[in-house]
Structures are given as C-alpha cells and as structure tokens.
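J.: Handing you this structure, nothing more for now.
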Amino acid sequence: LAAALLLIAAIRPQLEAAAKPSPSPTPTPSGPIPDTAVAYQMNASHSGTQTADSLAPGLVKKYAESCQWDVSYPLIAGGKLFYLCGAVLTAVDLATGNYTSGGKTFYSNHGWSAIAYDGGKVFDLLDSGQLTAIDASTGNQLWQIQLPNDVSFTSAPTALNGILYTGGAGIGSVYAVNESNGQVLWTAPVAGGYGSSPAVSSTGVYVSYSCAQTYAFNPLSGALIWQHNGGCTGTSGRTPVLFGGKLYVRDPSGNLVLDAQTGGVLGSFPGVVPPALDGTRGFFLNGHTLEARDLSTMTTSWTFSGDGTLDSAPLVVNGYVYIGGGSGRLFALSELTGQQAWVGTLDTGIPAPDESTTTKPLPGMAAGQGALAVSMYGELAVFGGGGPLVPATPTPSPTPSPSPTPSPTPPPSNPYFGSAVHAATGSMQPAASFAEDLDGFSGDDLVVADPANNSLDVMFHYDFGRFDDGARYYVAANPAAVTGGRFRSGVPRPDVAVASAGNGSTAGTVSVFFNDGSGGLSLSKVYSVGIAPTYLMAADINKDGNLDLISANGGGNSVSVLLGNGDGTFLPPITSAAGDGPVWIAVGDVNNDGHPDLVVANRDSDAYSVLLGNGTGGFQAPVQHALPTGSRPTAALLHDFNKDGRPDLAITESGSNTMSVLLGLGSASFGVRTPYQVGDQPDSLAPIDDGFLSGLAVANLGSDTISLLRSNGDGSFQNPVTYATGHLPASIQVGSEPVTALTTVNRGSGNASIFYENSDGSFQPASNTNGSRPYASVAADLNGDGRADLAVANRDLSTASIFLNAGNGSWQPSHDVSTGVAGQAIAIGAGDFNHDGKMDLVIVNRPFAYGLPGNTVSVLLGNRDGTFQAAAVYPVGLNPNGVALADFNGDGNLDIAVADGGSADVAVLLGKGDGSFRPASFFAAGNDPESIRAADLNGDAKIDLVVDGYYSNYLMTLPGNGDGTFRAPTIGAGGDSEVLSVTLADMNGDGKVDAILAGYGSLEVAFGKGDGTFTDAGFVDGSTGSAKSWEASVAAADVNGDGIPDYVTADPNVDQVTVYINKGNGASNPGVGIPVTGIPMGGSPQWLSMADFNGDGRPDIAVSDTLSGDIGLMLNIATRPTPSPSPSPTASASPSPAASSSRAPVPSQGPVPFRSRSPAPGATPTPASGTTGTTFTFEHGL
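Everything in the sequence shown is counted per my numbering, starting at 55 for the first residue and increasing by one.
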C-alpha cells in the first residue's frame, strides 16, 4: 500500500492535468426528471421511491434480457432501459426490449463498473477510475476522463443538477465532476472511499463508511458541512438514504438515523439493505421480513415475510411496495396495509445488494415510465401493468429478446471455424447437495436439491471431473435441502431424503427415496415437518442404531426430528424450538452426557442456539448465544479441532465475511470466538481430515470462491487459501472420487465445481460440470423468421432447450420445454407433422433405469414463435436411441422411426397428418441398434432405413416397402470398432448415398452401390486408425465452399471438433482439430448440428458439451474459393480411402465411458449414452 501511495503521489500532477479539461462555469441546477430511474435505488437520494409513475399491479412480464454474468441495477429514462451485463453496458428500447440505435453494447471487456443518468447522458464508472459520458440516444462517447488520486473506485455514481458525484479509495476522496465536459470541480478527503454511492440533494452530498463515519459536503464547493464520527475507523462503505431531512446510515456496528442538516443522531432502524421511504412511512427489510414503520416514531404498522427468502432492497411505486428474494418470487404489497396484491415467479433468484462486492455489478430494481425492471442472477426481467390483481406467475415471452453475448476470443490456428462461444443449457438452480457413492461405480455421486425445477437431480460420477449419467425426480415445491444415508438396515448403498419448503407459510415436507443399489431411486414416503425447512441432516439422534432425520425449519423457528425405524420408514416428527431463523444444524455431544445435542445457526438473530438432547429425540429449550450484530450466521459444524476430546464449534458468518471457531468447554458452552476472514457471504462449510490435510472448507456465496483453512492441530487455523468456483456456490461437500474432492453446487451458474486434492493438501483448479448434460440437437427454423434455430435435448433434465437465432451469430435467451416424461431426453428431430407450416419436435425418452418412465417418444407441436404445445407421448421399444423422420408410406405425412437398442428393433410411427401418430409397428434391426438414418438407398423411390449396431460394429439396412413396412435387415459395411453414429451423404460425387461411420478409434466411410448395399468401410484419411480418438458424432457439410461435402466430427475424448476436408472422392486430408471448451479437466463435446447460423451462407457448428453443460457456437471462417473458369476434371478411378480388407487393428480401448445402469432383463446391454439425435439440416428423406 505504501508503494501504491508513493506512486499516486508521483503521478498526481499528471493525472490531475489529464483530468482537467478547459474550465467551464459551474452547472446550473436543473432538478431531477420525474418518472425516471437515474441512479442506484432509483434516484439521487437513493430513497427507492417512484411517486410519479402510474404502474400498478397485477404485473405482466413484457420481456427478459438474458446475461451470461450478473446484471446490475437498471436505469430508466428517455424511453430506454440501461443496465450492465457483467461489465457490458447495454441499452434497449424500454417498451419492446429491442436494441436501440446506439447498439447493444457500449463499453465491454473491463472490470467492475456502475452507471448513472442525468441530462440525456449515461455515465459509466470503472473501478480503475475511468469515467465515460455517453449520449443516451445514440451510444456515442461524449467525453472520457481518468479520476485522479485514488486507486479503486467502487462507489456507484450519482448525477444531479449537471454534476456527477462518486468516491474513490486509496487516499480516500469524494469527487464532483462537471457532466458537460468531465472537469473535476472539487474533491474532498474521507476516511474510506469504498462502496458508498453518494446521496445527493440541492443542499448536500452525503457518504458513509465503516463505523458510521458519515460526511456531508456542499454540492457546489465541496466544503465540509458536518462529519459524524463513529468512534472507530474503516474504509468500506454502504450507500446512505436521504429522505425527509434525515439520513439513514447502514453499518454493521448499528444503523443510525442522522439529522441531514447537523449530523446529530436521531435514532436507529433495522436491516442490511437500503430501505424504501415514502411519505410518513419507511419499509425496512429486517432479516427476511419486510417491516412498515412510521418514520417519526419507528413503530411497526405491518410486516410481511412472503416465502421466507426476501433479500432485495424494496421499492415503492404508486402506493405499492415491491420486493423479492432468493426463491425468484416478486411480491407487490399495498403500501398502506401490507396486503399482497400480486406475486410473480421469475426465472432465477433476486439477489440481495452488497456494496462491498467488486467482482460483479450491484443488483437492484427500478421503476419508471410504466415499467418495473428487476435484476436477477443472469437475467433482467421487465414488467408492465394491466394484469390481474391476484397472485399470478408471469410466463416467458413467446420470443425472448436478444441478449448480450461476450465477444468471442480470437480464432484458433485453424482456417475453418472460430472459437466456440458458449451458452448454457437447461434451467438448473441447485440450492443444496449431498455427495456419496449411490451406485458403487466410481467414487461419490452428487445429489442436488433444485428449487428452480422442484426436483431432486442426481449426477453420477464417472471419472475425474466427469459425470456420465443422471436422473431427475420431481418433489414438493421449493426443495431446499438434501441428505442421505442407509435408512434401511443391511442395504449396500445410501438412500436419499430431500426437504421442501412448499409455500413457506405451511408445514414443509421431507421426501424419502429408496436406492435400488445401482443409483436408481424410488419415492418411499413423504413426511411433514415444520414450516419452511432450510436444512436437513441424517444422524442417529436416539442412539438406537438407526439413522434419524433432523430438519431446521426457518419459517417456524424450530427443528423437527423424524426417528428412523431401521426399515426406511420414520415416526411422526418431534418438533422443538430452535431460536430465531434456524438455517443449519450441527450434531454432537456438547455436555458429555452421552446424548447427541444440537447446535443451530440462527441467522435472523445473529446467534447460535444449543439444544441439549434427552436421548429419545427430544431437546431442552434452546439456549441462545449472541454473535456480533450483523454477523448473520449461515452454517455450523461440531468437530474436535484441538484434539482434547470435546467438540468445538465452527460457524460461518455471512454478514461479517468470517468463519469463527469457538473451542468447546465440555459443559454445553464454548470459549472465546476467534474469527477468520474468508470470502464474501460464506454460506456453508465442511471438515477435511484425510491424512494429507486437516482443516475446513468454506463456500463463499458472494465472491464465487471457496476458502481452505488448514488446521494447526491446536484449535487454530492458518490463513485461508482461495479457489474460484462457479457463480453463487450454495453448498460444499467433501467426498472421495477416488481421491479427496471438494464439490460445490453453484446456484447462479446452475452447475457444480469439483476440486481434486493434490498430495500436498492443495487442490487443483475447479472443473465445472452441468447437470443438464445437453446431448443431441437439431437445427431448424423454429419461429418462422427464416433463420436456423437450435433445439437441444437435455439428457438428464427431461427437457429440451430452445435457442432462437438472434441473426448475428448469437442466440436469444434460451428457454426449456418439457418432454412430459421423467426419462432421459436422448435424441431429437424436427419437422412439420401437421402441415401448418410450423416446425414441430419429436424427442426420444429413454428410462434412467429399468422400470422407470421412458421407452417413449414425445411429440411437441410448434406455435411458430419458438414455443411448443404440451407433449403427446407414444410408446416405442426398449431403451430407444436414435430417431429419423421421413414419409415411409408415401401419403405425404412425416413419419417417425426410432432405433430401439434394448429390444433390437426399429419402431415406426406413421403420421396421420394432423400432428398425431398411429401406434408403433416394430421391425427387427439386428443387435443393439444405436443411430438411425433414412434415405432411398436403391433408387426405387421408397424410403429405406440404415441403423448401426453399437456392439456388432455393422450397418443394418432395412429396405422399405413404400407402405410404412420394412423387410428383414441385411448386414452391410462394418466399422473398425463400436459405431456411435452414422450419417448419410454422397461423399464421392457418384450420385449414390454413402454412409459415414463414427465411433471409438475411427472415422470411416462406406460407399453406396446404389442397390441398398455398401462397400466395406475405410478410414477417410487413409490412416490405419491407430491415431484416431473417439468420434462421437459426425456431420457432412461443405466447410470450405468448394462444392464438396466435408467431414466434421465431435470428439469428447480430447475436447475438440475435427474437420476433414474431402478431396472429392471421399478420401480426406488429415484432420484439423479445433478445441471446444478449454476447461481445466477437458470438455466433452458429444453432438454437433451444422447450419448457417449467422446468415453468411456458410455452414456453422453448434456443438453440445455434456461436461460443461452448454452449447458452443463455432462460426465458419473458411476462405471461400474465388470462382474462375477451369477445365472439366479428367475422369479417373475413385480409390477407396483405405484398404477395405487390411485395416490395421485398433489398440484395445480402456473402460467404455458409456455404461448401462439397469438394462432390461434378457436384453443386450445398451450404452447409457451415444450418438442418437437427428440433425435436421442433413436428414435425408425430409
């Protein structure tokens, strides 16, 4: 710091000179414009009040702006909506969500920033001190300066009356800048400079820092009017609120109400987020409860807790209070009575604002010009009025608006495709997790409570950083916690239990699932517990040898104990008081009487409670122990850290960003609290003690990190080591996979981060994995705008993600459609099934395990706006894999053919032409058919079928009879190893359909003879195959514009797609590999679809990555040949690309990463994954 200050002093004259354009007159006050939102919490005083707007509930969702990062508080002015997507400043038309003439992004690729509006200008302040003025109408830069003196600028700017105000830290300054030309009008010293957005009026500029160090300055001169000294010092700050001649100052040491003219203390108020103030009332969020108070007496007139997750700073608009929280619910309440007028459910949670976080934008809401804009995790939703005044759930707009897409990184060193730009699939929002080996296959699996989908999601572990299978089970609303254990005596694998909060005001539930031993779960029974359970754990609380279940019930201030019978059933709950706002439970014998006791983290009362057990499942009244005010404990753990035989207490404190340790005294009490600084908003913790490392791991929700604290063995800990996670790590687990691994589930990014331990006790960087496992995809125009869109089957979520084309090489925000079947969405196809000119979808559903739902196809009729009607479900054969669409009986209607791996047949469903289908007919197809394609192979104008045999390594051809039936299969070309995918195209220019075979260790082509048979297959590049990797899927497209189809493959084993340029005779040049993800543990690109996604006439790639859980869009950058006259080529024989009968053997493969969980009895084992989808663009016969 000393060096930094010396550097500042050395360059200060130059910085000041650069920051001072030619002098200009002091701006003339113009006053705020009504019905706008121009700063954080809407206005220059941050009062959160909008009285000039006519907006009233019920609200109707107009559109949503999706963002790959967090979204800032929005601004509303001049008919436009301004916001930050991560660090990308964006402007859209407020009414429609369409991007304005100024473009969708102004200044991207920088760090933290914040914005303000005044006088037709938007001001963008970077944490480096770069301040830019932008014309709000055009997006043109008006001026840009570097603020002098300080090194960090994290105070959101406020602009009023022609002057912009902000703060900087290092030296500690408040700045006033002329809005017309960027001249620094004055600076004033403060003991801080971080995080406090100035509250401004015509008579004062107010800022506040740690220990309630508060300053008032003259707006024009910067002269100090008064200073409130809090008795200590600190640099971090929080935004004050100015209203009615009073200043409301928030501080962890205690909130104060100060006289705005003198700085005298007038009183106090509750809450950690800015209040909203209107007339004689103030609205304060106290814990998760909104309180309406009289501003003169501070008496409470009404309270509202909603669903128990309220977190956002409230707003008051036209007599209604708006507030939301982590559940994604947005409430509208009467300002006078607190009566709920409307509630809507958003796509993700509404975050609490935190001025101390500089790694992401400051969130918030804004209202003005008839609209309400709400920033969420990765999305900004915009609402208008006119809806019903009843509780309602807004539905997504039929056509989502385009969203900012990060600029792709420079192209790789290949001449064909640019680097992949990634977009997440699925809608997972994990809230809690449990890690243990459910199936006995390869280390600990992950079980996730997913409130976004009201489901229990299972991710089965395969190897380092990879999950190869999964399952989804639907549970009661708002699952909040999950645990597991051997609830039944003698079972080899753990069962699972999940706690659901329901509506937050009535009894919650615990759903118990039995494990079949291979990871398949079945619901046993649902039990009632207390109100709004937030935590669930399994322990033998009455020492009878059977596991019991204990829930912390945040809505009822209680704990519930379900005593286990040892057979997987439980007795009715025993409920005990547990202090205010219980969110976490630790179990241990804290008074050495032989009975397990509980220690409960009480977030709402800044305390922990000790409940002494009586040995039968009941507990004595809780004894509450205070923690520092504002500490907001979130998790607790009992462990003997100093090896004295007594359990010690570790507790995470979200409000103070600490993890504290209290050594046990053995008499139900604990010693002096020793705090350790960790990341922002620590939310969960877990112990590690594996021989390499003894210590604690803490997940930090607010800084997207984990902190690892190594134990010294005496109850003290070393300073934490930090590792980055996905966004909003909500739960941390310690498991063995097979080495020790830490796993967080990340609520914001919808994935999991896995950290593997090194032999020195350190950990490798995170490998992030997504529970959606996007697999097969299809490219088609789903909304009738003439552009290729994408539909992706999310294998483990029983959904498909719809990516509508934004027209510029990017996607609009995706949305999901349900298959209507709780099975694996394994393949997908698109076509017009009812002749209405709208594209429809068919999705193949394979069971997660034998006996579970599946063995069906779902048909979803399109609405031509990217949305679809509810699925109609039709049975097919066992363990279906691929799908093909064509008119098999010549009636002009599209039919469906499905390869059934488990029953060794093809199911054919003939279309009626109205979108419905006849029951399936079945035709033998040899052993284990995997991929399926349709085309006229023998020139008789009747559609034939080709399937590949995964284990038999052969193509099977089913000649069509033209009436929807097929003759017995004939064995065709053989592959060199297991065939994963087959594609049909004319690769040697002879007018006959050829077959391309992709599989383990090979990419081969078999040339069609025109009579329905094929030549033996040969490697496309003439190699022996020994250097080949794992070609999971293949497409044929003219990559380089020479008029000849080329080969493009997805290779999950080496995280790349590979391009093989066709020489014209079916043989290729050596392949060129292009990385897909570049993530530390490697990606797993499984399936690719090719179409012209950016309208330049060239085929691009959309590749699904099952490990990272996203879609990579890779635009074609190949140089097109210049047309010129050329002689006709000399006729010559077309050699086979490889010797058909003398292929070198492929080296023996390792364990096949695709595995079957529970094949049908008597059926040939079928891999649990594989290339199965149909790429619409290249499907023959459509």
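We treat Cβ as the ideally placed atom computed from N, Cα and C, and that holds for glycine.
1. How far does the beta strand (DSSP E) with residue 328 in it extend, from its first residue to its last?
2. Indicate whether the contact test is met: 3 or more Cβ pairs, each with one atom in the segment 695-702 and one in the segment 663-683, closer than 8 Å.
3. Helix, strand or coil for residue 265, going by three-state DSSP, please let me know.
4. So residue 352 is in the beta strand (DSSP E); what residue range does that whole segment cover?
5. Which value, in whole angstroms, describes the spacing of the CA atoms of residue 887 and residue 552?
6. Checking the sheet assignment: what are the DSSP bridge partners for residue 929?
7. Please confirm whether residue 927 and residue 963 have their CB atoms less than 9 Å apart.
8. Beta strand (DSSP E) containing residue 898: first to last residue?
9. With a floor of 3 residues, list each beta strand (DSSP E) that falls wholly inside the segment 506-557, ordered by position along the chain.
10. In the DSSP assignment, what residue or residues form a beta bridge with residue 850?
11. Can you list, in chain order, the residues of its chain whose CB lies under 6 Å from that of residue 110, leaving out five sequence neighbours each side?
12. With DSSP as the reference, label residue 657 as helix, strand or coil.
13. Just the Cα atoms here: how many angstroms apart are residue 393 and residue 794?
14. State the DSSP-derived secondary structure class of residue 1214, mapped to helix, strand or coil.
15. Just to check my reading of the structure: residue 311 and residue 321 have Cβ atoms closer than 8 Å, yes? What is that Cβ distance to the nearest angstrom?
16. Is DSSP giving residue 679 helix, strand or coil here?
17. Below 7 Å CB to CB, which residues in the same chain sit around residue 214 once its five sequence neighbours on both sides are set aside?
18. Using CA coordinates, which residue listed in 660, 689 and 531 is at the minimum distance from residue 589?
19. Please identify the residue among 977, 543 and 1013 whose C-alpha is closest to the C-alpha of residue 988.
20. Helix, strand or coil for residue 1267? Go by DSSP, reduced to three states.
21. Let me check you understand the geometry: is the CB of residue 327 closer than 8 Å to at least one non-hydrogen atom of the ligand PLP?
22. Between which two residues does the beta strand (DSSP E) harbouring residue 740 extend?
23. Three or more C-beta pairs under 8 Å: does that hold for the segment 718-732 against the segment 630-649?
24. Would you list the one or two residues that DSSP bridges to residue 323?
25. Tell me whether the beta-carbon of residue 922 lies closer than 9 Å to the beta-carbon of residue 895.
26. Please state the DSSP three-state secondary structure of residue 561.
27. Do residue 918 and residue 851 have their C-beta atoms within less than 9 Å of each other?
28. Give the DSSP-derived three-state secondary structure of residue 638 in the structure shown.
29. Which same chain residues end up closer than 8 Å to residue 607 when comparing Cβ atoms and leaving out the 5 residues on each side of it in sequence?
30. Where does the unbroken beta strand (DSSP E) through residue 1113 begin, and where does it stop?
31. Is it true that the CB of residue 672 sits closer than 9 Å to the CB of residue 652?
32. Beta carbon of residue 145, beta carbon of residue 425: below 9 Å?
33. What are the partner residues of residue 253, as DSSP defines its beta bridges?
34. Please report the straight-line C-alpha distance between residue 1239 and residue 183, rounded to a whole angstrom.
35. Tell me the rounded alpha-carbon separation between residue 1150 and residue 842.
36. Give a yes or no on contact between the segment 237-249 and the segment 257-276, applying the rule of three or more CB pairs nearer than 8 Å.
T.: With the structure as the only source:
1. No beta strand (DSSP E) contains residue 328, which DSSP labels as neither H nor E.
2. Output reads no: the segment 663-683 does not touch the segment 695-702.
3. Helix, per DSSP.
4. Careful: residue 352 lies outside any beta strand (DSSP E) and carries neither H nor E.
5. Cα to Cα, residue 887 sits roughly 41 Å from residue 552.
6. When beta bridges are read from the DSSP output, residue 929 appears opposite 910.
7. Taking 9 Å as the Cβ cut-off, residue 927 and residue 963 do not qualify as a contacting pair.
8. Boundaries of the beta strand (DSSP E) around residue 898: 894-900.
9. If one requires a minimum length of 3 residues, the beta strand (DSSP E) runs lying completely within the segment 506-557 are 509-517, 520-528, 533-539 and 549-554, in chain order.
10. Answer is none; residue 850 lacks a bridge partner.
11. For residue 110, same chain residues with a beta-carbon under 6 Å away, outside a window of 5 residues either side, are 372 and 439 in chain order.
12. Assigned with DSSP and collapsed to three states, residue 657 falls in helix.
13. Take the alpha-carbon of residue 393 and the one of residue 794: they are about 51 Å apart.
14. Because residue 1214 sits at a pLDDT of 27, beneath the cut-off of 50, its placement in the model cannot be relied upon, and the point is left open.
15. Correct: roughly 4 Å between the Cβ atoms.
16. Secondary structure at residue 679: strand, using DSSP grouped into helix, strand and coil.
17. 86, 98, 172 and 254.
18. Among 660, 689 and 531, the Cα nearest to that of residue 589 is on 689.
19. It is 1013 whose Cα lies nearest to the Cα of residue 988.
20. Any answer about residue 1267 is impossible in this case: the structure gives the chain only from 55 up to 1236.
21. Among the components modelled here there is no ligand, and therefore nothing to report on the ligand PLP.
22. Secondary structure note for residue 740: its beta strand (DSSP E) is the uninterrupted segment 736-743.
23. Per the Cβ contact rule, the segment 718-732 is in contact with the segment 630-649 (3 or more Cβ pairs under 8 Å).
24. Paired residue(s): none; residue 323 is not in a bridge.
25. Cβ distance < 9 Å, so residue 922 and residue 895 count as in contact.
26. Annotated three-state conformation of residue 561 is strand, per DSSP.
27. Not closer than 9 Å, so no.
28. Residue 638 falls in the strand class under three-state DSSP.
29. Same-chain partners within the cutoff: 562, 583, 584, 585, 586, 587, 588, 613, 614, 629, 632 and 636.
30. Counting along the chain, the beta strand (DSSP E) containing residue 1113 begins and ends at 1110-1114.
31. No Cβ-Cβ contact shorter than 9 Å links residue 652 with residue 672.
32. The answer is no: Cβ separation not under 9 Å.
33. Note: residue 253 sits in a beta bridge opposite 260.
34. The shown model of the chain, from 55 to 1236, leaves out residue 1239, and the question about it has no answer.
35. CA-CA distance, residue 1150 to residue 842, rounds to 12 Å.
36. Touching, yes, given that three or more Cβ pairs across the two stretches are closer than 8 Å.
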